[in-house]
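Visitor: The numbering of the sequence shown is full-length UniProt numbering, which starts it at 1 and goes up by one.
Every residue, glycine too, gets a C-beta built ideally from N, C-alpha and C.
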Amino acid sequence: MIEPFLSANPVLRKLEDAGYEAYFVGGSVRDYLLKRRISDVDIAASATPDEVKAIFPKTVDIGIEHGTVLVLFNGGSYEVTTFRTEAEYQDYRRPKEVAFIRNLQEDLKRRDFTMNAIAMDRNGKLIDPFDGQTAIRDKIIQTVGKAEERFGEDALRMLRAVRFLSQLAFTIEKDTIKALIKQIDLLKNIAVERKKAEFEKLLNGKNQKEAIKVLLDTNLFLYLPGLATKKRQLKQLLNFQCESLNKNEMWSILLFCLEIKEKSAGTFLREWRMPIKDIREIQKMLLFLEKRLQHEWSVYDLYRAGHDNILSVEKLYVVINGIRETDSMDHWLDLYENLPIKHVADINVTGNDVMKWLDKSGGPWLKVTLLRIEAAIVAGELENNKQKIKEWLLTCSPN
Ligand code: ATP
Ligand code: MG
Numbered sequence: 001m002i003e004p005f006l007s008a009n010p011v012l013r014k015l016e017d018a019g020y021e022a023y024f025v026g027g028s029v030r031d032y033l034l035k036r037r038i039s040d041v042d043i044a045a046s047a048t049p050d051e052v053k054a055i056f057p058k059t060v061d062i063g064i065e066h067g068t069v070l071v072l073f074n075g076g077s078y079e080v081t082t083f084r085t086e087a088e089y090q091d092y093r094r095p096k097e098v099a100f101i102r103n104l105q106e107d108l109k110r111r112d113f114t115m116n117a118i119a120m121d122r123n124g125k126l127i128d129p130f131d132g133q134t135a136i137r138d139k140i141i142q143t144v145g146k147a148e149e150r151f152g153e154d155a156l157r158m159l160r161a162v163r164f165l166s167q168l169a170f171t172i173e174k175d176t177i178k179a180l181i182k183q184i185d186l187l188k189n190i191a192v193e194r195k196k197a198e199f200e201k202l203l204n205g206k207n208q209k210e211a212i213k214v215l216l217d218t219n220l221f222l223y224l225p226g227l228a229t230k231k232r233q234l235k236q237l238l239n240f241q242c243e244s245l246n247k248n249e250m251w252s253i254l255l256f257c258l259e260i261k262e263k264s265a266g267t268f269l270r271e272w273r274m275p276i277k278d279i280r281e282i283q284k285m286l287l288f289l290e291k292r293l294q295h296e297w298s299v300y301d302l303y304r305a306g307h308d309n310i311l312s313v314e315k316l317y318v319v320i321n322g323i324r325e326t327d328s329m330d331h332w333l334d335l336y337e338n339l340p341i342k343h344v345a346d347i348n349v350t351g352n353d354v355m356k357w358l359d360k361s362g363g364p365w366l367k368v369t370l371l372r373i374e375a376a377i378v379a380g381e382l383e384n385n386k387q388k389i390k391e392w393l394l395t396c397s398p399n
């Protein structure tokens with residue numbers, strides 16, 4: 001057995017010692033069999049959330065209505081989910097209520113794909129009633145049970161199929177893809193937040209191009225916010241090699257392909273329920289990317305963009321121009337590192353100094369003056385020294 005299963009093993013043992021069954025399940029077992037990097041282990045147990053909480057002194061309720069408790073143990077944290085069925089589905093969405101059960105087989109049966117429905121006990125023994133191992137060997141994405149029924153229960157599974165295709169470079173099994181095409185309209189019932197989580201993973205998968213083709217061929221793209229009228233533009237994403245891009249850089253290149261500029265990016269990203277922090281970051285990338293595609297960086301733009309943004313914009317520039325990474329990235333970052341100031345707070349004067357020297361009370365002029373000082377320092381025309389700035393203001397400044 002390997003990490004992170006090894007560290008989690010005592011959690012399973014404690015559950016077993018208390019008389020319950022406990023297994024590793026889901027993505028961690030799949031990724032272990034695929035020899036992929038394992039992100040986090042999920043544990044399924046016959047104990048109810050209350051029973052789990054009675055065993056471990058430190059727990060956090062993170063999804064108790066779905067039977068999930070976060071167990072804090074030996075410095076690690078582990079999601080323990082009670083075996084459950086999802087008998088009643090409403091409006092093609094995941095069920096409102098789940099029923100806790102004591103039987104592992106039933107729990108595996110409610111899982112989406114056969115490759116995700118394998119359990120492993122703490123000795124490494126696999127419990128694989130739907131032959132997920134064969135699916136993994138043959139690189140096949142296949143629903144547990146009839147695809148039509150399973151997509152009918154929870155339409156998000158259709159998008160999940162395509163995101164796994166993107167991440168794992170598997171193919172979607174024949175009947176599964178048939179059902180997906182037939183029932184694609186059910187995706188209109190799915191909450192944007194759930195779509196976003198899957199779509200982001202899809203965008204960042206190694207097989208992203210194939211996944212985009214499937215989105216286009218199956219009309220799935222029609223059910224993704226802001227994409228329905230952008231088929232031609234979405235296709236442009238196929239022209240780029242995006243492996244090196246992180247999550248927000250990927251959104252930026254998507255917006256670039258969709259011909260959505262910085263100003264309207266907010267509307268698009270809000271439709272995706274993107275957090276404001278990410279919206280700002282992506283908009284900033286788009287702003288400087290547009291400039292960068294027209295001309296080289298100005299010193300002032302390097303200053304305004306900042307280290308991380310310069311790096312992202314340069315990565316996007318390389319991808320969009322289909323060039324190999326050049327020395328220019330280091331060149332721009334060097335220039336940035338050598339700027340006399342990195343932030344307005346680095347300026348060696350305050351607004352109070354300026355008001356005192358010019359004998360004026362505050363007002364909009366102050367901001368303008370501070371901006372001029374800032375620009376002159378960044379351009380190397382003025383030393384960042386209190387006395388020098390004072391002289392410059394009193395002699396060179398029209399104020
Ligand atoms: P990742 O490595 O990206 O986390 P994962 O397979 O662990 O992939 P999760 O979304 O974390 O995916 O879900 C954990 C497990 O829960 C899945 O492997 C699957 O067994 C089950 N599951 C998740 N979502 C669904 C769903 N909509 N329908 C049925 N089973 C699901
Ligand atoms: Mg997971």
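Between residue 232 and residue 122, which are expected to be in contact by the criterion C-beta below 8 Å, what is the C-beta distance as a whole number of angstroms?
Guide: About 52 Å separates the two Cβ atoms, so there is no contact after all.
Visitor: Whose CA, out of 377, 246 and 64, lies closest to the CA of residue 343?
Guide: 377
Visitor: Quick check on residue 74: buried or exposed, where buried means 16 or more other Cβ atoms within 10 Å of its Cβ?
Guide: exposed
Visitor: So, residue 8 versus residue 41, is the Cβ gap smaller than 8 Å?
Guide: yes
Visitor: Excluding sequence positions up to five away, which residues of its chain have a Cβ less than 7 Å from the Cβ of residue 309?
Guide: Within the same chain, residue 309 has close Cβ partners 284, 285 and 288.
Visitor: For residue 42, which beta-bridge partners are listed by DSSP?
Guide: 25 and 79
Visitor: When the Cα of residue 294 is compared with those of 278, 300, 311 and 317, which residue comes out closest?
Guide: Among 278, 300, 311 and 317, the Cα nearest to that of residue 294 belongs to 317.
Visitor: Write down every uninterrupted run of the alpha helix (DSSP H) in the region 174–229 whose length is 4 residues or greater and which is fully enclosed by it, in chain order.
Guide: Here the runs fully enclosed are 174–183, 192–203 and 208–217.
Visitor: For residue 105, collect the residues of the same chain with a Cβ closer than 7 Å to its Cβ; drop the 5 residues on either side in sequence, then sort them by chain order.
Guide: Correct list, in chain order: 129.
Visitor: Strictly by DSSP, which residues pair up with residue 71?
Guide: Answer is 59 and 78, bridged to residue 71.
Visitor: Return the Cβ separation of residue 69 and residue 84 in integer angstroms, given the expectation that the two are a contact with Cβ distance under 8 Å.
Guide: That belief does not hold up - the Cβ atoms of residue 69 and residue 84 are roughly 13 Å apart, past 8 Å.
Visitor: What whole-angstrom Cβ distance do residue 114 and residue 144 have, given they're in contact under 8 Å?
Guide: 6 Å
Visitor: Using three-state DSSP, classify residue 399 as helix, strand or coil.
Guide: The pLDDT assigned to residue 399 is 49, lower than 50, so where the model puts this residue is not dependable, and the model offers no usable value.
Visitor: Are the CB atoms of residue 213 and residue 170 nearer to each other than 8 Å?
Guide: no
Visitor: Between the C-alpha atoms of residue 188 and residue 220, what's the straight-line distance to the nearest angstrom?
Guide: 10 Å
Visitor: Quick check: the Cα distance between residue 34 and residue 136, rounded to an integer number of angstroms?
Guide: 7 Å
Visitor: Can you tell me the Cα-Cα spacing of residue 399 and residue 373, whole angstroms?
Guide: In this prediction, residue 399 scores a pLDDT of 49, lower than 50, which makes its location untrustworthy; the coordinate-derived value is nonetheless stated afterwards. Going from the Cα of residue 399 to the Cα of residue 373 covers about 12 Å.
Visitor: On a CA-only basis, which of 385, 174, 27 and 227 is nearest residue 133? Give me that one, please.
Guide: Among 385, 174, 27 and 227, the Cα nearest to that of residue 133 belongs to 27.
Visitor: Buried or exposed, going by whether 16 or more other CB atoms sit within 10 Å of the CB of residue 241?
Guide: Label assigned to residue 241: exposed.
Visitor: Classify residue 57 as buried or exposed, calling it buried when 16 or more other Cβ atoms lie within 10 Å of its own Cβ.
Guide: exposed
Visitor: Mapping the DSSP letters down to three states, classify residue 292 as helix, strand or coil.
Guide: helix
Visitor: Taking C-beta to C-beta, are residue 207 and residue 166 nearer than 8 Å?
Guide: yes
Visitor: Between residue 39 and the ligand ATP, is there a pair consisting of the residue's CB and a ligand heavy atom that are separated by less than 7 Å?
Guide: yes
Visitor: Can you tell me whether residue 368 is buried or exposed? The criterion is at least 16 other CB atoms within 10 Å of its CB, across all chains shown.
Guide: exposed
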